[in-house]
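Quick note: the sequence shown uses UniProt numbering, first residue 1, plus one each step.
Don't be surprised by glycine CBs; every beta carbon is placed ideally from N, CA and C.
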Amino acid sequence: MIRKARIDDVKAIHGLLMHTDEHDALVLPRSFSQLYSHLRDFVVAVDDDDKVIGCCALSLIWENLAEIRSLVVLPAHRGKQLGRQLVETCLRESVTLGILKVYTLTEETSFFAHLGFVEEGMESLNQKIFIDCLNCPRFPDHCNEVAMIINL
Ligand SMILES: CC(C)(COP(=O)(O)OP(=O)(O)OC[C@H]1O[C@@H](n2cnc3c(N)ncnc32)[C@H](O)[C@@H]1OP(=O)(O)O)[C@@H](O)C(=O)NCCC(=O)NCCS
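#1: So, at 8 Å on beta carbons, what are the nonlocal neighbours of residue 115 in its own chain, with the 5 sequence-adjacent residues on each side left out?
#2: Could you check if residue 111 belongs to the surroundings of ligand 1, using beta carbon to heavy atom distance under 8 Å?
#3: Since residue 58 is in the beta strand (DSSP E), which residue starts that stretch and which ends it?
#4: Does DSSP classify residue 123 as helix, strand or coil?
#5: If contacts are defined as beta-carbon pairs under 8 Å, then residue 56 and residue 35 qualify, I think. What distance do you get, rounded to the angstrom?
#6: Classify residue 105 as buried or exposed, calling it buried when 16 or more other Cβ atoms lie within 10 Å of its own Cβ.
#7: Return the Cβ separation of residue 74 and residue 53 in integer angstroms, given the expectation that the two are a contact with Cβ distance under 8 Å.
#8: Does any residue of chain B have a CB that is nearer than 9 Å to the CB of residue 49?
#9: Any idea what DSSP makes of residue 1, helix, strand or coil?
#10: Please identify the residue among 120, 51, 1 whose C-alpha is closest to the C-alpha of residue 8.
#11: Tell me, to the nearest whole angstrom, how far the beta carbon of residue 43 is from that of residue 90; I am working on the premise that it is less than 8 Å.
Below, the structure is given as structure tokens:
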């Protein structure tokens, strides 16, 4: 099941973002402080015991621009459409908010292409570069992420 994140999910979300598999694409860890203050951005996938097994965030960037970030599904639960459901739940929320352009920065281009995202030059995302990239240790020479966009 996919549901909005709650305050008692924060430790599990933090763990998911910290402990991705070494072969996984890059997922930036986020501090507890960031997670508490941005908790309303998050949806989680939970199992029958309400244990968090995946997460995804919709971050509002600008007028008519939002970002999908912090997407992880626990390895044991991959391939069950949870990643798709997490992203699609965030996209529906974006439409509800009136934001019809959503991007992600990712190394998992095939997965996002499967969901309808298309590759886009980073230069169209100036706001993102100003907000986050400048503070990222991988920016600019060690970043392998590709910008992908979906128009809703
Ligand atoms: C990427 C990730 C979230 C996918 O989650 P998942 O729950 O296994 O994906 P789903 O089962 O929802 O897959 C949805 C569709 O995408 C396809 N897909 C899944 N992973 C894919 C991949 N790496 N490449 C191409 N297609 C992929 C599936 O085959 C499925 O296709 P279908 O709808 O035609 O059956 C998961 O592999 C993960 O957590 N990876 C590590 C963290 C990461 O890379 N996050 C993204 C960084 S931005």
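With the given structure in hand:
#1: The residue labelled residue 115 in the question sits at position 115 within the sequence shown. 84, 87, 88, 150, listed in sequence order.
#2: Translated into the one-based positions of the sequence shown, residue 111 becomes position 111. The answer is yes for residue 111.
#3: By 1-based counting over the sequence shown, the position of residue 58 is 58. Note, residue 58: beta strand (DSSP E), 52-62.
#4: Residue 123 sits at position 123 when you count from the first residue of the sequence shown. Three-state DSSP puts residue 123 in a helix.
#5: Start at 1 with the first residue of the sequence shown, and residue 56 comes out as number 56. Start at 1 with the first residue of the sequence shown, and residue 35 comes out as number 35. At roughly 13 Å, the Cβ-Cβ gap does not stay under 8 Å, so residue 56 and residue 35 are not in contact.
#6: Taking the sequence shown and counting its residues from 1, one reaches residue 105 at position 105. It counts as buried.
#7: Locating residue 74 in the sequence shown gives position 74, counting from the first residue. Locating residue 53 in the sequence shown gives position 53, counting from the first residue. Yes, residue 74 and residue 53 are in contact; Cβ-Cβ is about 5 Å, under 8 Å.
#8: As a matter of chain content, chain B is missing from the structure shown, which is built from one protein chain.
#9: One-based indexing of the sequence shown puts residue 1 at position 1. In the structure shown, residue 1 sits in coil (DSSP, three-state: anything other than H, G, I, E or B).
#10: As a first step, residue 8 is located in the sequence shown; it is residue number 8 there, counting from the start. Of the candidates 120, 51, 1, the one whose C-alpha sits nearest the C-alpha of residue 8 is 51.
#11: The residue labelled residue 43 in the question sits at position 43 within the sequence shown. The residue labelled residue 90 in the question sits at position 90 within the sequence shown. The pair is a contact, with the Cβ atoms about 6 Å apart (cut-off 8 Å).
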